[in-house]
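Trainee: If you scroll down you'll find the structure; I have some questions about it.
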């Protein structure tokens with residue numbers, strides 16, 4: 002039977018994903034009434050992101066990288082990580098992450114595991130996005146003070162586990178970087194043109210809801 006697991010150690014080539022087009026898509030069912038008013042609804046609690054990374058492929062060796070990944074991923078079957086250069090940090094992409102960037106949870110003296118999330122704010126409103134594929138060093142703070150031990154971050158799930166439960170009332174925060182879990186979303190149409198340049202007309206990628 003084919004292996005359909007997510008390839009957590011595989012990252013889409015970052016030099017190719019840089020400059021790719023795409024972002025979040027939040028489908029809505031829109032019904033226009035006879036009066037011209039609209040009724041809008043969605044069954045999704047969170048958006049899914051789609052990307053087209055074709056703009057990064059300009060050399061034959063880059064073309065070969067994508068072809069190799071496509072084969073290893075078995076086309077659409079297996080997922081992998083993608084760097085979304087427009088949104089990959091607990092803060093804005095131009096800033097450096099800090100341990101106090103995002104809320105992680107509140108201590109109750111019992112709970113030891115907390116899931117990473119990122120809050121987006123605008124005009125008094127907010128949306129919380131679950132972060133499932135962190136990478137690199139994840140910074141943790143309790144009551145505004147960064148700690149350097151006593152916790153483990155599962156980079157495959159985005160869950161932080163403390164060796165002992167944070168005390169009741171403790172404010173837990175985090176900062177760091179993360180990837181987007183994706184898969185290929187179509188067959189790979191390949192065109193090799195003259196000279197040492199390879200081009201793939203489209204490299205559609207779709208976020209996975211894990």
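Numbering (the working numbering), first residue to last: 2 to 211. Where is the CB? At the ideal position from N, CA and C, for every residue including glycine. The structure presented is a predicted model; accordingly, all values stated were derived computationally and were not measured.
Could you tell me which whole beta strand (DSSP E) segments of length 3 or greater appear in the region 124 to 160?
Mentor: With a minimum length of 3 residues, the continuous beta strand (DSSP E) runs that stay inside the region 124 to 160 are 126 to 131, 135 to 143, 146 to 148 and 152 to 155.
Trainee: By Cβ distance, which residues of its chain are closer than 7 angstroms to residue 137, with the 5 residues on each side in sequence left out?
Mentor: Same-chain partners within the cutoff: 177 and 178.
Trainee: Kindly give me the distance between the Cβ atoms of residue 57 and residue 18, rounded to whole angstroms, as I take these residues to be in contact under 8 angstroms.
Mentor: About 6 angstroms; that satisfies the 8 angstroms criterion.
Trainee: Assuming residue 183 contacts residue 20 under a Cβ cut-off of 8 angstroms, what Cβ separation, rounded to an integer in Å, is found between them?
Mentor: Wrong, their Cβ atoms sit about 16 angstroms apart, outside the cutoff.
Trainee: Could you tell me if residue 181 is buried or exposed, where buried requires 16 or more neighbouring beta carbons within 10 angstroms of its beta carbon?
Mentor: Residue 181 should be labelled buried.
Trainee: Mapping DSSP to helix, strand and coil, what is residue 15?
Mentor: Residue 15 falls in the helix class under three-state DSSP.
Trainee: My guess is that residue 118 and residue 131 are in contact by the Cβ rule of under 8 angstroms, so how many angstroms apart are they, rounded?
Mentor: Confirmed, about 5 angstroms.
Trainee: Identify, in the order they occur along the chain, each residue of the same chain with its Cβ nearer than 6 angstroms to the Cβ of residue 208, setting aside the five sequence neighbours on each side.
Mentor: Only 49, 50, 181 and 183 meet the Cβ criterion.
Trainee: Return the CA-CA distance between residue 236 and residue 53, expressed in angstroms with no decimal places.
Mentor: Because residue 236 is not part of the residues shown, which for the chain are 2 to 211, the question remains open.
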